[in-house]
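Take any residue in the sequence shown, note its place counting from 1, add 62, and you have its number in the working numbering.
Using N, Cα and C, we set each Cβ at its ideal position, and we do this for glycine too.
In what follows, a structure is listed as structure tokens, so that the remarks can point back to it.
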Amino acid sequence: MDIRIIYYVLGRLVMAETITMFIPFAMALWNLESSVSGFAVALGLSASVGLVLQANGRKRETDLSMREGIAITGFGWALATGLGMLPYVCGGYLNALDAVFESISGFSGTGATVFNSLSGLPASILFWRMMTHWFGGLGIIVIFIALLPQTGQSSVYMYNAETTGPTEERVLPRLKDMTKVLFRMYLMFTFVAASVYMLCGLTPYEALTHAMSTIGAGGFSTYDDSAMHFDSPAFEWWMTFFMILAGGNFGLYYRIWQKGPGVIKRNSEFKAYLWIQGLAILLVFLNLAGTMPLALGDALRYAAFQVGSLSTTGFVSADFEQWPPFSKGIILLLMMCGGCAGSTASGIKVVRVLVLLKNAWAVVHQKLSPRRVVEVRLNGSRVSEETLRRVGQFFFLYIFFIAFWALLLTLDGIEVFDALGLSVSTMGNIGPAFGIAGATCTYAGLSVFSKSILCISMLLGRLEMFTLLVMLTPDFWQKGNRW
63 MDIRIIYYVL GRLVMAETIT MFIPFAMALW NLESSVSGFA VALGLSASVG LVLQANGRKR
123 ETDLSMREGI AITGFGWALA TGLGMLPYVC GGYLNALDAV FESISGFSGT GATVFNSLSG
183 LPASILFWRM MTHWFGGLGI IVIFIALLPQ TGQSSVYMYN AETTGPTEER VLPRLKDMTK
243 VLFRMYLMFT FVAASVYMLC GLTPYEALTH AMSTIGAGGF STYDDSAMHF DSPAFEWWMT
303 FFMILAGGNF GLYYRIWQKG PGVIKRNSEF KAYLWIQGLA ILLVFLNLAG TMPLALGDAL
363 RYAAFQVGSL STTGFVSADF EQWPPFSKGI ILLLMMCGGC AGSTASGIKV VRVLVLLKNA
423 WAVVHQKLSP RRVVEVRLNG SRVSEETLRR VGQFFFLYIF FIAFWALLLT LDGIEVFDAL
483 GLSVSTMGNI GPAFGIAGAT CTYAGLSVFS KSILCISMLL GRLEMFTLLV MLTPDFWQKG
543 NRW
């Protein structure tokens with residue numbers, strides 16, 4: 063592993079982030095906001111880090127190794143979130159730990175906030191929060207590959223280390239071309255969502271910021287009461303649509319655009335995703351309509367919005383803390399399941415849940431007929447034993463870390479169900495949890511210990527654990543390894 067090559071690539075990544083920071087800085091200058099000096103210092107520090115890294119690095123004409131690709135992804139996320147905190151700290155809005163938490167929450171698409179109130183913050187700071195969602199949603203490395211020149215196989219290693227889900231399917235043979243297509247679709251969806259939100263009565267600023275947060279599956283809002291602030295059923299229905307859209311596979315959307323909606327029939331995961339969304343909406347609707355004093359239209363709207371939100375994004379249109387236990391149980395399961403592979407959502411992923419269920423069904427059939435060969439099939443193809451093993455390993459680790467973080471949080475005096483909600487929400491990059499960090503609460507009241515634990519949880523969930531875990535092994539740092 064050549065550290066100088068890693069320095070050079072990381073330096074370019076940092077400079078790219080520095081350039082994006084000019085947008086809220088320009089907003090602050092235009093509006094003469096108090097955040098001008100904070101952004102100026104943040105820009106200076108960020109640019110200095112980028113220049114130092116590039117000055118101490120060097121280009122490489124050949125492909126990077128797998129280790130170098132993983133290291134760039136891991137350190138790239140650490141640098142992006144570390145520098146992303148600077149506007150909050152340099153502007154005096156948050157202390158260092160809270161700023162790190164807010165930055166990780168933004169880039170990971172979690173949407174958990176430590177700001178007690180957003181009403182007194184400058185528009186530029188709020189816009190920077192949304193930008194972290196938007197860049198982190200599709201993936202810092204994916205956008206980096208799409209916009210900046212990279213060598214062939216090195217991009218593959220970085221892409222695989224960051225993207226979510228066990229799929230190896232590509233919509234285009236060249237990764238560079240594919241990431242460009244995904245980035246253009248990401249831009250298009252954001253523009254369409256913003257345009258629709260403006261038709262629902264939002265200002266251009268409100269529409270753009272909430273579109274960035276929706277399509278990035280983030281959940282940050284410019285208002286303390288999230289989507290409830292607008293009190294607009296039309297806006298909530300459209301946001302529900304775009305949240306569910308963001309939870310789907312972007313590669314599949316490109317194939318739909320190329321070949322028509324018929325490709326959906328051959329995609330088991332997307333069909334299962336729609337079935338899960340539809341069934342969950344129906345069950346929550348029936349539960350709300352039967353137990354709470356709500357009009358049927360309101361019960362359906364709240365059910366659809368929160369099901370779509372808490373499996374992908376994390377916006378809030380109602381205080382689901384007051385909902386019946388059955389509805390909250392469904393929400394907890396949706397937080398764990400998440401969206402599709404290749405989406406901006408996190409969680410276990412629908413495709414993994416589907417593979418696990420199909421494998422369990424195959425085991426049952428095998429027990430009934432020991433001589434019978436039962437295959438697990440997905441999208442018409444046989445799922446390999448290696449894929450089954452990887453999915454099982456991921457599921458075990460995911461559940462293990464949820465339990466582990468929850469156990470650690472109870473050491474801080476947090477009730478078991480609240481700790482479990484915090485763990486599930488941060489590992490799934492959702493944001494709202496239950497109890498002390500419920501729909502109408504923030505994470506500001508948590509201790510330094512709990513916030514530190516949840517920062518790690520958010521990063522592990524966003525990078526799907528293995529990228530960070532591999533970097534913690536001694537073998538990764540041993541010289542002479544050729545992988």
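Whose C-alpha, out of PHE101, TYR150, THR302, TYR70, is nearest the C-alpha of ASN118? Counting from one through the sequence shown, the residue named residue 118 turns up at place 56. Minimum Cα distance to ASN118 is reached at TYR70.
Please state the DSSP three-state secondary structure of LEU440. Sequence index remark: in the sequence shown, residue 440 carries index 378 (1-based). Correct three-state label for LEU440: strand.
Nearest-angstrom Cβ-Cβ length linking VAL378 and ALA289, presumed shorter than 8 Å: Along the sequence shown, one-based indexing puts residue 378 at 316. Along the sequence shown, one-based indexing puts residue 289 at 227. At roughly 6 Å, the Cβ-Cβ gap stays under 8 Å, so VAL378 and ALA289 are in contact.
Going straight from the alpha carbon of ARG129 to that of GLY313, what length do you get? Against the sequence shown, residue 129 aligns to sequence position 67. Against the sequence shown, residue 313 aligns to sequence position 251. Between ARG129 and GLY313, the alpha-carbon positions lie close to 26 Å from each other.
Check whether THR80 and MET192 have beta carbons under 9 Å apart: On the sequence shown, position 18 is the one that residue 80 refers to. On the sequence shown, position 130 is the one that residue 192 refers to. Cβ distance not < 9 Å, so THR80 and MET192 don't count as in contact.
Any idea what DSSP makes of VAL162, helix, strand or coil? Locating residue 162 in the sequence shown gives position 100, where the first residue counts as 1. Helix.
Given ASN421, which residues of its chain have a CB within under 6 Å of its CB, disregarding the five upstream and five downstream residues? As a working mapping, residue 421 is identified with position 359 in the sequence shown. VAL438, LEU450, listed in sequence order.
Integer Cβ distance of ILE515 from LEU471, believed to fall under 8 Å: Your numbering for residue 515 matches position 453 in the sequence shown. Your numbering for residue 471 matches position 409 in the sequence shown. In this structure ILE515 touches LEU471 by the C-beta definition: roughly 6 Å separates them, less than 8 Å.
Terminal residues of the continuous alpha helix (DSSP H) containing ALA422? Mapped onto the sequence shown, residue 422 falls at position 360. Where ALA422 is concerned, the enclosing alpha helix (DSSP H) stretches over 412 to 430.
Going by beta-carbon coordinates alone, are GLY409 and GLY523 separated by less than 9 Å? In the sequence shown, residue 409 corresponds to position 347, counting from 1. In the sequence shown, residue 523 corresponds to position 461, counting from 1. Yes, the Cβ-Cβ distance between GLY409 and GLY523 is below 9 Å.
How is the alpha helix (DSSP H) around TRP319 delimited, first residue to last? The residue labelled residue 319 in the question sits at position 257 within the sequence shown. In this chain, the alpha helix (DSSP H) harbouring TRP319 covers 312 to 321.
CA-to-CA distance, THR175 to PHE292, given in whole angstroms: Mapped onto the sequence shown, residue 292 falls at position 230. Mapped onto the sequence shown, residue 175 falls at position 113. A straight-line Cα-Cα distance of about 20 Å links PHE292 and THR175.
What is the C-beta distance between GLY331 and ALA403, in whole angstroms, given that I count them as a contact (C-beta under 8 Å)? As a first step, residue 331 is located in the sequence shown; it is residue number 269 there, counting from the start. As a first step, residue 403 is located in the sequence shown; it is residue number 341 there, counting from the start. Per the sequence presented here, residue 331 reads as Glu, with Gly not at that position. Taking a contact as a CB-CB distance under 8 Å, the pair GLU331 and ALA403 counts as one, their CB atoms being some 7 Å apart.
How many angstroms separate the CA atom of LEU336 from the CA atom of PHE496? One-based indexing of the sequence shown puts residue 336 at position 274. One-based indexing of the sequence shown puts residue 496 at position 434. Rounded to whole angstroms, LEU336 to PHE496 spans 25 Å at the Cα level.
Do you know how far the Cα of MET520 is from the Cα of LEU234? As a first step, residue 234 is located in the sequence shown; it is residue number 172 there, counting from the start. As a first step, residue 520 is located in the sequence shown; it is residue number 458 there, counting from the start. With a pLDDT of 49 at LEU234, under the threshold of 50, the modelled position of this residue cannot be trusted; read the value that follows with caution. Whole-angstrom Cα-Cα distance: 30 Å.
May I ask you to report which of helix, strand or coil DSSP gives LEU473? Stepping through the sequence shown from its first residue, residue 473 is reached at position 411. LEU473 falls in the coil class under three-state DSSP.
Are the beta-carbon atoms belonging to PHE466 and GLU526 less than 9 Å from one another? For this step, residue 466 is matched to residue 404 along the sequence shown. For this step, residue 526 is matched to residue 464 along the sequence shown. Not in contact: PHE466 and GLU526 (Cβ atoms no closer than 9 Å).
Host alpha helix (DSSP H) of TRP539 (start-end): Within the sequence shown, the letter at position 477 stands for residue 539. Run containing TRP539: 536 to 539, per the alpha helix (DSSP H) assignment.
Going by C-alpha to C-alpha distance, which of GLY500, ARG434, PHE251, GLN320 sits closest to GLY372? As a working mapping, residue 372 is identified with position 310 in the sequence shown. The displayed chain sequence assigns Leu, not Gly, to residue 372. Looking at GLY500, ARG434, PHE251, GLN320, the one whose alpha-carbon comes closest to that of LEU372 is GLY500.
Nearest CA to the CA of PHE304: which residue from LYS327, ALA342, VAL258? The residue you call residue 304 lines up with position 242 of the sequence shown. Cα-wise, what sits closest to PHE304 is VAL258.
Using the Cβ count rule (16 or more neighbours within 10 Å means buried), how would you classify GLY263? Position 201 of the sequence shown, counted from the first residue, corresponds to residue 263. GLY263 is exposed by the Cβ-count criterion.
Nearest to THR82 by alpha carbon, out of TRP92, ALA109, ASN93? For this step, residue 82 is matched to residue 20 along the sequence shown. Closest option to THR82, Cα to Cα, is ALA109.
For TRP190 versus GLY144, is the C-beta spacing smaller than 9 Å? As a first step, residue 190 is located in the sequence shown; it is residue number 128 there, counting from the start. As a first step, residue 144 is located in the sequence shown; it is residue number 82 there, counting from the start. In this structure, the beta-carbon distance from TRP190 to GLY144 does not fall below 9 Å.
Under a Cβ-count criterion, where at least 16 other Cβ atoms within 10 Å of its own Cβ denotes burial, should GLU477 be classed as buried or exposed? Your numbering for residue 477 matches position 415 in the sequence shown. With fewer than 16 Cβ atoms within 10 Å of its Cβ, GLU477 is classed as exposed.
For a minimum of 4 consecutive residues, which ranges assigned as the alpha helix (DSSP H) are wholly contained in the stretch 447 to 530? Unbroken alpha helix (DSSP H) stretches of 4 residues or longer found wholly inside the stretch 447 to 530: 447 to 472, 478 to 489, 510 to 524, given in chain order.
Contact set for ILE393: own chain, Cβ-Cβ below 7 Å, skip 5 residues either direction: As a working note, residue 393 is residue 331 in the sequence shown. GLN368, LEU372, PHE382.
Just to confirm my understanding: we take LEU345, look at its own chain, exclude 5 residues before and 5 after, and list those with CB closer than 7 Å. What are they? Along the sequence shown, read from residue 1 onward, the residue named residue 345 stands at position 283. ILE392.
Compare the C-alpha of VAL325 against each of PHE197, GLY442, ARG74 and name the closest. To locate residue 325, count along the sequence shown from 1; it is residue 263. Among PHE197, GLY442, ARG74, the Cα nearest to that of VAL325 is on GLY442.
Taking 9 Å as the cut-off, decide whether the C-beta atoms of PHE177 and ALA506 are in contact. Translated into positions along the sequence shown, residue 177 becomes position 115. Translated into positions along the sequence shown, residue 506 becomes position 444. Their beta carbons are under 9 Å apart, which means PHE177 touches ALA506 by this criterion.
Going by DSSP, what residue range makes up the alpha helix (DSSP H) through MET305? If you number the sequence shown from 1, residue 305 lands on position 243. From DSSP, the alpha helix (DSSP H) with MET305 extends over 295 to 308.
Would you mind sorting SER99 into buried or exposed? The rule is 16 or more other CB atoms within 10 Å of its CB. Numbered from its first residue, the sequence shown carries residue 99 at position 37. When all chains shown are included, SER99 counts as exposed.
Give a yes or no on whether the C-beta atoms belonging to GLY493 and GLY201 are separated by under 9 Å. Position 431 of the sequence shown, counted from the start, is the residue given in the question as residue 493. Position 139 of the sequence shown, counted from the start, is the residue given in the question as residue 201. With contacts defined by Cβ atoms closer than 9 Å, GLY493 and GLY201 do not form a contacting pair.
Do we get a CB-CB distance below 9 Å when we pair ASN157 with the residues of chain D? The displayed structure is made up of one protein chain only, and chain D is not part of it.
In angstroms, rounded to a whole number, what distance separates the CA positions of VAL436 and TYR150? Within the sequence shown, numbered from 1, the residue matching residue 436 stands at position 374. Within the sequence shown, numbered from 1, the residue matching residue 150 stands at position 88. Computed Cα separation, rounded: 55 Å.
Can you list, in chain order, the residues of its chain with a C-beta nearer than 7 Å to that of SER294? Leave out the 5 residues immediately preceding and following it. Here the question's residue 294 lines up with position 232 in the sequence shown. The answer, listed in chain order, is CYS262, GLY263.
Buried or exposed for MET301, going by 16 or more other Cβ atoms inside 10 Å? Stepping through the sequence shown from its first residue, residue 301 is reached at position 239. It counts as buried.
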